[in-house]
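In my numbering, the protein residues as written are 313 to 544. Structure, as structure tokens:
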Ligand SMILES: Nc1nc2c(c(=O)[nH]1)N[C@H]1C(S)=C(S)[C@@H](COP(=O)(O)O)O[C@H]1N2
Ligand SMILES: [Mo]
């Protein structure tokens, strides 16, 4: 059924779920596209590497919309995976033992991409580590083997190819992937926290003209990577 609820401020409905991101990442891909291994480090008593994050945790399904900061949204994606909150409470807290002051999580991906979110935001019940999309295993295009899904946050917080999380008390040692102004520390869609230094609506006009060419570039580089011709 088509969802008629209004989109968040400044967003339009796209008919394609684009492969998308910061331009330098168009040609970067995960080194190990089948591993669900996750490293947990930072201000923890015991840094750990989980060989398979899905192990022993209940799988959940969820349908949610996806909102890229450049103003396109894609509605009704059916994700399957585990809740970040379940992983944190059942595995990370007892085994890695983060210090009590931890408030920030730096999320790192196999393609070198990096962003952050407050731990509190990651503990929301709609935040998943997903391995399946629309009834099949997630493809390389959309973040296999492991993808963070945080529907209340702009696309750039929804890290594809997630491989490591670092827990910290503050963001002192953090450097984002793109320009600093582009990485709002929270990036909540409902509050239009697109970037820092100007009101959210301002960035609609800055980013929207870049959508077509960026989507085309990401489509072309994926086709090259997979060794298939793309004349679209
Ligand atoms: N590892 C990684 N994750 C990433 C990115 C990226 O370049 N690398 N781009 C982000 C941005 S800006 C967006 S809009 C979404 C796009 O997700 P999609 O390619 O599945 O549509 O991924 C986000 N997560
Ligand atoms: Mo994005």
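Backbone N, C-alpha and C fix where the C-beta goes; we use that ideal spot for every residue, glycine too.
Sequence-distant residues of its chain with Cβ nearer than 7 Å to residue i (five each side left out)
i           : result
residue 379 : 320, 323, 385, 466, 467, 501
residue 374 : 391, 438, 440
residue 345 : 452, 456, 457
residue 325 : 319, 385, 387
Residue i versus residue j - alpha carbon distance
i           : j           : result
residue 413 : residue 480 : 8 Å
residue 366 : residue 418 : 20 Å
residue 436 : residue 513 : 26 Å
residue 490 : residue 406 : 34 Å
residue 432 : residue 539 : 41 Å
residue 506 : residue 337 : 19 Å
residue 408 : residue 347 : 20 Å
residue 508 : residue 498 : 10 Å
residue 388 : residue 376 : 5 Å
residue 478 : residue 355 : 8 Å
residue 358 : residue 484 : 21 Å
residue 510 : residue 535 : 36 Å
residue 531 : residue 537 : 10 Å
residue 447 : residue 422 : 24 Å
residue 362 : residue 460 : 16 Å
residue 335 : residue 469 : 16 Å
residue 369 : residue 464 : 23 Å
residue 316 : residue 533 : 34 Å
With 16 other Cβ atoms within 10 Å as the buried cut-off, status of residue i
i           : result
residue 544 : Bear in mind that a pLDDT of 48 at residue 544, under 50, signals an unreliable position, so the number given afterwards is only what the model happens to contain. Label assigned to residue 544: exposed.
residue 493 : exposed
residue 331 : buried
residue 450 : buried
residue 482 : exposed
residue 328 : exposed
residue 425 : buried
residue 443 : buried
residue 495 : buried
residue 318 : exposed
Beta-carbon gap between residue i and residue j smaller than 9 Å
i           : j           : result
residue 381 : residue 420 : no
residue 349 : residue 364 : yes
residue 440 : residue 394 : yes
residue 360 : residue 411 : no
residue 473 : residue 416 : no
residue 434 : residue 396 : yes
residue 427 : residue 488 : yes
residue 503 : residue 462 : no
residue 383 : residue 516 : yes
Cβ neighbours of residue i in the same chain (closer than 8 Å, five flanking residues each side left out)
i           : result
residue 371 : 392, 393, 394
Neighbourhood of residue i by C-beta distance below 6 Å, restricted to the same chain and skipping five residues each side
i           : result
residue 476 : 351, 420
residue 333 : none
Proximity test, Cβ basis, 9 Å: residue i and chain D
i           : result
residue 515 : The structure shown contains no chain D; it is built from a single protein chain.
Do the stretch 444-459 and the stretch 507-525 make contact, defined as three or more Cβ pairs closer than 8 Å?
-> Taking 8 Å as the limit for Cβ pairs, the verdict is that the stretch 507-525 does not touch the stretch 444-459.
Please confirm if the stretch 331-347 is in contact with the stretch 387-404, defined as three or more CB-CB distances below 8 Å between the two stretches.
-> no
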